[in-house]
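If you're matching them up, the sequences are chains A and C in order. Take the first sequence: its letters are residues 33 to 146, numbered as in the numbering used here. Take the second sequence: its letters are residues 24 to 136, numbered as in the numbering used here. In what follows, a single structure is set out as C-alpha cells and then discussed.
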Amino acid sequence: DTGVSQNPRHKITKRGQNVTFRCDPISEHNRLYWYRQTLGQGPEFLTYFQNEAQLEKSRLLSDRFSAERPKGSFSTLEIQRTEQGDSAMYLCASSLGGQRKTQYFGPGTRLLVL
Amino acid sequence: QQQVKQSPQSLIVQKGGISIINCAYENTAFDYFPWYQQFPGKGPALLIAIRPDVSEKKEGRFTISFNKSAKQFSLHIMDSQPGDSATYFCAASIGGSARQLTFGSGTQLTVLP
C-alpha cells in the first residue's frame, strides 16, 4: 500500500539547530499539505502545494519555516534555528485535485526541541 | 476568525452505547465538514464528511447531524465498540475538501468492554 509516508518519524534536536522533514505523498496526488499538531490539540494548517506551486501559507509559518515541493512529488519542510515552541507533530497530507477529494494523512514526524 | 469548537474533550461510553461529539463554528463560509479519527502514533484518517446542503449523513454506525442555522454539527457513533477508542476531530473548510482544514481540539473517546 503506498500511503503517505514521512521521514524521519522522530527527531530530537537542540535549540538553534536546523531540521528538515520529508513527505512522500500518494502517487498521482497533486495536492500536498503540511499541518502541525501539538499535544492535545487538533492539527493546524501550515501550507499547501498544488504540484510544485505553494498556494497558501498560514501565519503560523514564520520566516524560520520553509517548505518546498520542487518536482511536484515529494516535499520537504525545513525549520531553521529551532525553538522549544517548535516541538510538535508535523503532519503531511495529500489529495487529488477537486473539491470532493479526501486529504489522506501520513503518520507524522514528531519533533522534540531540547 | 476561522475556528471550530469541539466538545466534550473526553468521553467514556460502555460497549454498545451511543457516542455523541459536538462541534460549533462561526464562519458561515465553511462548506465542507469532515470528521477524522486518529489512533496513537498514526495520522488522522477521514471517517465521514458532510456538506451544508444536507442535514444528515449516515455511513454504517457513524452519522453526522448538521444544523446550518445553529452552525453546529455532531458525530454519532451507534453501537460503540472498544475498537472505536480513539481521538476524534471535527474539521471545516472553505472551498471543499481540497483546501486547508480547520480542526477542532479533539475528543478522546474510550469505549469500555
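Beta carbons are placed, not taken as given, at the ideal position from N, Cα and C, and that holds for glycine. What you are looking at is a predicted structure, and each value in this text was computed from that prediction instead of being measured.
Exercise. Sorry if obvious, but does the Cβ on Leu135(C) come closer than 7 Å to a heavy atom of the ligand NAD?
Worked result: This structure simply doesn't include the ligand NAD, nor any ligand for that matter.
Exercise. Any beta-carbon of chain A closer than 8 Å to the one on Lys81(C)?
Worked result: no
For this session: Going by CA-CA distance only, name the one from Ile44(C), Gly106(C), Asp102(C), Pro67(C) that's closest to Gly35(A).
Result: Pro67(C)
For this session: Kindly list, in the order they appear in chain A, the residues whose Cβ is closer than 8 Å to that of Gln123(C).
Result: Tyr65, Phe77, Tyr80, Glu88, Ser90
Exercise. By the criterion of Cβ-Cβ separation under 8 Å, what are the contact partners of Asn71(A) in chain C?
Worked result: Reading off the sequence, residue 71(A) comes out as Leu, not Asn. Correct list: empty, because the minimum Cβ distance to chain C is about 10 Å.
For this session: Could you say if the region 121-133 of chain C and the region 32-50 of chain C meet the contact criterion of at least three C-beta pairs nearer than 8 Å?
Result: Cβ pair count under 8 Å is three or more, so yes.
Problem set entry | Straight-line gap, Gln112(A) to Asn50(A) (C-alpha atoms, nearest Å) | Here the alpha carbon of Gln112(A) sits roughly 4 Å from the alpha carbon of Asn50(A).
Exercise. How about the region 76-87 of chain A and the region 54-67 of chain C: do they share at least three Cβ pairs that are nearer than 8 Å?
Worked result: no
Problem set entry | Reference Ala125(A), options Pro40(A), Arg41(A), His61(A), closest by Cα | His61(A)
Problem set entry | Reduced DSSP secondary structure (H/G/I, E/B, other) of Pro31(C) | In this structure, Pro31(C) counts as coil in the three-state DSSP scheme.
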